[in-house]
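Visitor: Next up is a structure, given as structure tokens.
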Amino acid sequence: MAVEIDQATTIEVVGDGGSAGRAAATRLRRLAPWLVLGFLLVAVVLVGFFGRSGQDGVALSPANPAPAGAMALAEVLRGQGVEVIQVESLEAAAASSSAGASTLLLHDPDSWLNSDQLSALDGVADRLVLVEPNTLILGELAPSIRQAGLIPASEDTPLPADCGVEDAAAAGSISPGGFAYRADLICFPPATAQGGPPSGSYAATAGQEVVALGHGSIISNETIDQEGNAALALRTLGSSPVLIWYQPTAADLALTDTPVDPLNLLPDWVNLVMLWLLGTGLLAAVWRGRRLGPLAEEPLPVVVRAAETAEGRARLYQDSGSIDRAAANLRAATLIRLAARLRLPATSSVTEVVAAAARHSPRSPADLDQLLRTERPASDTQLVRWSQDLDALEKEIDAR
């Protein structure tokens, strides 16, 4: 039972043997809504994790249905009879050369592949489509295509094809943004280009064996339906019966050196020292272990009476000089018992207990308020006298 006390006081309550169980049950009831909420949250996370059905969150991934993914384009290509194969390693991409006529899409914005790995992709497919390639990728797979800066995505007007490439002409225009390139064939030049060699968002070699798409977002689910993005993507990636979709990850990082065994870095004498320490430890265990006898169990039945517990606690308070703490415990216990005897709710305040006690005691409300609320014993003698007054008050209430 809790009783409100006006002044902040730390109170320790010592109950009977069943108080711990009741407290645990109360805490369990309070935590029940949070436990249910946590269970539901875990269930939702598990359902979301196991119910993705092969979906991922990689940008421009053919298995990503989010706005940044490219699942819409992949599904349309499959509907047109193109076999879309998503590979997850360099070995799988290189092995796909046996698939016959094919197109390889490479999207490596984080530059996971080095020069040797990029060279392994040369000649893998009949056509190579590079999405937002950097200088390293172009140098290894398309030396005739060069970077030419950025195209602001804030341009108000779409980029017109302005070239004779059939795929680009069929698209008409695409969304602005991304990178610009210079090559033998360029399309979709930026409107802000001023002087210098021409550049465009679409660049290709003379035979269109390698195509660079400077704006990867045109194949994303979010913008595939804008301008001529879909037409350009479908014609560029759907020219072969097989499309190999490769997006390198950290798993494709090449190891430059053989990992060093840490044991090889230790001097030769370390092994001898370790063996010596192991033998010494075993000998010490045998030496000390023989000195110890077998463990023996000795039953020690002890019954501690409640009165002895209370007396021991009182002596601890007396030895430590914790008069305030002892007084707080006495005050709280008296208020709890008075509230129960006066049939007051467990949430009753000290003022309510004082008012109810005044109706069943010859003492005035002011005296009761002084006794139950404001009096603070300052010595052991005052504490004993005050506790006797509290006991007398309880007896007065019982007598009525």
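Residue numbering for the sequence shown follows the working numbering, beginning at 2 and increasing consecutively. All residues carry an ideal CB built from backbone N, CA and C; glycine is no exception.
Using the three-state DSSP reduction, which class does T11 fall into: helix, strand or coil?
Guide: Note on T11: pLDDT 38, under 50, position unreliable in the model; the coordinate value appears next. If DSSP states are grouped into helix, strand and coil, T11 belongs with coil.
Visitor: By the three-class DSSP mapping on this structure, what secondary structure does S241 have?
Guide: The answer is coil: DSSP assigns S241 none of H, G, I, E or B.
Visitor: With 16 other CB atoms within 10 Å as the buried threshold, where does D392 fall?
Guide: Exposed.
Visitor: In the DSSP assignment, what residue or residues form a beta bridge with C188?
Guide: Beta-bridge pairing links C188 to Y203.
Visitor: Classify V125 as helix, strand or coil using the three-state DSSP reduction.
Guide: The answer is coil: DSSP assigns V125 none of H, G, I, E or B.
Visitor: Do the CB positions of V385 and L369 come within less than 7 angstroms of each other?
Guide: It is not a contact, given that the beta carbons lie outside the stated cut-off.
Visitor: Is the distance from the Cβ of G239 to the Cβ of Q81 below 7 angstroms?
Guide: In contact: G239 and Q81 (Cβ atoms closer than 7 angstroms).
Visitor: Of all the options S388, P177 and A126, which has the alpha carbon lying nearest to the alpha carbon of A334?
Guide: Among S388, P177 and A126, the Cα nearest to that of A334 belongs to S388.
Visitor: Check whether the Cβ atoms of G179 and S202 sit closer than 7 angstroms, and answer yes or no.
Guide: Going by C-beta atoms, G179 is nearer than 7 angstroms to S202.
Visitor: So, helix, strand or coil for T136, using DSSP?
Guide: T136 falls in the helix class under three-state DSSP.
Visitor: Quick one: is the Cβ of G322 within less than 6 angstroms of any heavy atom of the ligand GDP?
Guide: With respect to the ligand GDP, the structure shown offers nothing to examine, as it has no ligands at all.
Visitor: For R364, name the three-state secondary structure that DSSP assigns.
Guide: It is coil, neither helix nor strand.
Visitor: How about A73 and I245: do their beta carbons lie closer than 7 angstroms?
Guide: Their beta carbons are not under 7 angstroms apart, which means A73 does not touch I245 by this criterion.
Visitor: Keeping to the same chain, check which residues put their C-beta closer than 6 angstroms to that of W270; ignore five residues upstream and five downstream.
Guide: So no residue of the chain qualifies.
Visitor: Just to check my reading of the structure: P153 and P177 have Cβ atoms closer than 8 angstroms, yes? What is that Cβ distance to the nearest angstrom?
Guide: Sure, about 7 angstroms apart at Cβ, within 8 angstroms.
Visitor: At 3 residues or longer, and completely inside the region 138-182: list those beta strand (DSSP E) runs for me, N to C.
Guide: Segments of the beta strand (DSSP E) lying fully in the region 138-182: 147-151.
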